[in-house]
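Peer 1: Residue numbers (my numbering): 71 to 500.
Here it is in structure tokens:
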């Protein structure tokens, strides 16, 4: 079957008029899915707020897109263009998304903890078929911005799968994982795990420029999720200075954390944002590194970003406190005029169930998160974020219509959509 797409392209000005009038411009057609053939039938609408609602919450929608302007002459490109937003389903009945952008601009959407992959060579507008990275591939993805390789790193198994052609082909390699100061991190001991954490990054600033850095977690004493050991779990990171052959386990983040995200600011400071499995305040845990990811200090709770509490099954607790995986990306400085703009994603339903996938933006180095926008109203859970050099933001997340985890979906949008037309440069000044 050939791919069929019906589009309604609506200028931002008309979208604002429709929103003011309480109108929705919508095409008609059946809800569609994306399978392993790589064919995608899409149902396109322009809605009042640009967010998608599941049929259980009111509207049958798969994809939304707004027309964007021409790339501007200053190189800020789509970041400063008119708002656009689009969603497509990429995987069915699998979990654990990761998304990243290769050095040639190819967008790489992973599922099943890095085992499955779909590639896009046109900034996420269309996608190739599902391919298997490797029969035992797993963990999380990272792009080596210096060498160009893409890796899916399974530190707990002592190996990775490497691609030297932007995700087309893959080869398995053994790696060496060095322990932290108390002996944790090695595959044959208490392993460090990258699965379910956000994609890794290549450091761009300071004396550790070129270092590969990935969020990870340690779960003593056996490397599993047994509830009695949750107080001993903690996030950490692994880093490599030899292009991924050897990895060092870094120091710990707060106890009780898991499934982390991290981003480097333009001054070289590294921001770490963690899920907290046991915290009844439902606030994300924050830490900082000033030495390239070796040690994590300045521990704090986030006053602006909160997380869900369900499903609640912690047998030793009395209140919902489970948290959720999240996505985080710093937009490329080439797309923001050299300014730090961070985007964060997680379900927005503090202390309760996994619904309302939402994205936030920070314009002051993660001190505050003044902008947020709903992406999908219905059941939604794990997510991952990436951004292209032109400022296009990619959100890969789990969602469903009647229940969680029915499919993995990609949304692509820009800052103009996220800020709802407000000039984001004024937010930098504020």
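Ideal Cβ placement from N, Cα and C applies to all residues, glycine included.
Because the structure is a prediction, the values reported are computed rather than measured.
When DSSP labels each residue in this structure, what does residue 225 get in the three-state scheme?
Peer 2: Correct three-state label for residue 225: helix.
Peer 1: Bridge partners of residue 425, per DSSP?
Peer 2: In the DSSP output, where bridge partners are listed per residue, residue 425 has 449.
Peer 1: Mapping DSSP to helix, strand and coil, what is residue 327?
Peer 2: In this structure, residue 327 counts as strand in the three-state DSSP scheme.
Peer 1: Going by alpha carbons, who is nearest to residue 185 out of 208, 272, 345?
Peer 2: Here the closest residue by C-alpha is 208.
Peer 1: Are the beta-carbon atoms of residue 53 and residue 340 separated by less than 9 angstroms?
Peer 2: With the chain running from 71 to 500 in the structure shown, residue 53 is simply not present.
Peer 1: With distances taken Cα to Cα, identify the nearest neighbour of residue 189 among 182, 178, 183, 195.
Peer 2: For the residues 182, 178, 183, 195, the minimum Cα distance to residue 189 belongs to 178.
Peer 1: Exposed or buried, what is residue 167 when buried is set at 16 or more other beta-carbons lying within 10 Å of its beta-carbon?
Peer 2: Flag for residue 167 reads buried.
Peer 1: Should residue 151 go down as buried or exposed, given a rule of 16 or more other Cβ atoms within 10 Å for buried?
Peer 2: When all chains shown are included, residue 151 counts as buried.
Peer 1: Taking just the CA atoms, how far does residue 235 sit from residue 491?
Peer 2: Each residue's Cα considered, the two are about 37 angstroms apart.
Peer 1: Quick one: measure Cβ to Cβ for residue 427 and residue 316, integer angstroms, because I've assumed they're closer than 8 angstroms.
Peer 2: With 8 angstroms as the limit, residue 427 and residue 316 do not qualify as a contact, their Cβ atoms being about 37 angstroms apart.
Peer 1: DSSP has residue 319 in a bridge; who is on the other side?
Peer 2: 308, per the DSSP bridge assignment.
Peer 1: Alpha carbon to alpha carbon, what distance is there between residue 401 and residue 473?
Peer 2: So the two alpha carbons sit approximately 32 angstroms from each other.
Peer 1: What would DSSP say about residue 186, mapped onto helix, strand or coil?
Peer 2: Here residue 186 sits in strand by DSSP.
Peer 1: Would you be able to state if there are at least three C-beta pairs under 8 angstroms between the region 367-383 and the region 342-359?
Peer 2: Taking 8 angstroms as the limit for Cβ pairs, the verdict is that the region 367-383 does touch the region 342-359.
Peer 1: Applying the criterion that 16 or more other CB atoms from any shown protein chain within 10 Å of the CB defines a buried residue, is residue 482 buried or exposed?
Peer 2: With 16 or more other Cβ atoms within 10 Å, it is buried.
Peer 1: Using a Cβ-Cβ cut-off of 7 angstroms (strictly less than) and excluding sequence neighbours within five positions of residue 389, which residues of its own chain qualify?
Peer 2: Hits under 7 angstroms: 350.
Peer 1: Check whether the Cβ atoms of residue 429 and residue 442 lie closer than 9 angstroms to each other.
Peer 2: Yes.
Peer 1: Buried or exposed: which applies to residue 263, given that a residue is buried once 16 or more other Cβ atoms fall within 10 Å of its Cβ?
Peer 2: Buried, since its Cβ has 16 or more Cβ neighbours within 10 Å.
Peer 1: Residue 531 lies in the alpha helix (DSSP H); which residues open and close that run?
Peer 2: Because the chain is modelled from 71 through 500, residue 531 falls outside the range shown and cannot be assessed.
Peer 1: DSSP has residue 358 in a bridge; who is on the other side?
Peer 2: Bridge partners of residue 358: 341, 367.
Peer 1: Taking the Cβ atom as the reference point for each residue, do residue 231 and residue 242 lie within a distance shorter than 9 angstroms?
Peer 2: Cβ distance < 9 angstroms, so residue 231 and residue 242 count as in contact.
Peer 1: Counting only the same chain and skipping the five closest in sequence on each side, list residues whose C-beta sits under 6 angstroms from that of residue 26.
Peer 2: Only positions 71 to 500 of the chain appear in the structure, and residue 26 is not among them; the question remains open.
Peer 1: Less than 6 angstroms between C-beta atoms, sequence neighbours within five positions excluded: which residues of the same chain meet that for residue 261?
Peer 2: Counting only Cβ-Cβ distances below 6 angstroms, and skipping sequence neighbours, we find 226, 293.
Peer 1: Take the Cβ of residue 413 as the centre, count every other Cβ of all protein chains shown within 10 Å, and call the residue buried at 16 or more, exposed below.
Peer 2: Buried, since its Cβ has 16 or more Cβ neighbours within 10 Å.
Peer 1: Any idea if residue 97 is buried or exposed, counting beta-carbon neighbours within 10 angstroms, 16 or more meaning buried?
Peer 2: The pLDDT assigned to residue 97 is 29, lower than 50, so where the model puts this residue is not dependable; a value taken from the coordinates is nonetheless given after this. Result: exposed.
Peer 1: Straight-line CA distance for residue 110 to residue 493?
Peer 2: Low per-residue confidence applies at residue 110: pLDDT is 39, beneath 50, and the placement is therefore not dependable, though the value from the model is reported in the following sentence. Each residue's Cα considered, the two are about 34 angstroms apart.
Peer 1: If the criterion is Cβ atoms closer than 9 angstroms, does the pair residue 306 and residue 290 meet it?
Peer 2: Going by C-beta atoms, residue 306 is not nearer than 9 angstroms to residue 290.
Peer 1: Anyone know if the C-beta pair for residue 281 and residue 325 falls short of 9 angstroms?
Peer 2: No; because the gap between Cβ atoms is not below 9 angstroms, this pair is not in contact.
Peer 1: From residue 239 to residue 210, what distance separates their C-alpha atoms?
Peer 2: About 17 angstroms.
Peer 1: Can residue 384 and residue 487 be called in contact, C-beta distance under 9 angstroms?
Peer 2: The answer is no: Cβ separation not under 9 angstroms.
Peer 1: Determine whether the beta carbon atoms of residue 170 and residue 180 lie at a separation below 9 angstroms.
Peer 2: Yes.
Peer 1: Helix, strand or coil for residue 475, going by three-state DSSP, please let me know.
Peer 2: If DSSP states are grouped into helix, strand and coil, residue 475 belongs with coil.
Peer 1: With 16 other CB atoms within 10 Å as the buried threshold, where does residue 386 fall?
Peer 2: Counting Cβ neighbours within 10 Å, residue 386 comes out exposed, since fewer than 16 surround it.
Peer 1: For residue 220, does the count of other Cβ atoms within 10 angstroms reach 16, so buried, or fall short, so exposed?
Peer 2: Residue 220 is buried by the Cβ-count criterion.
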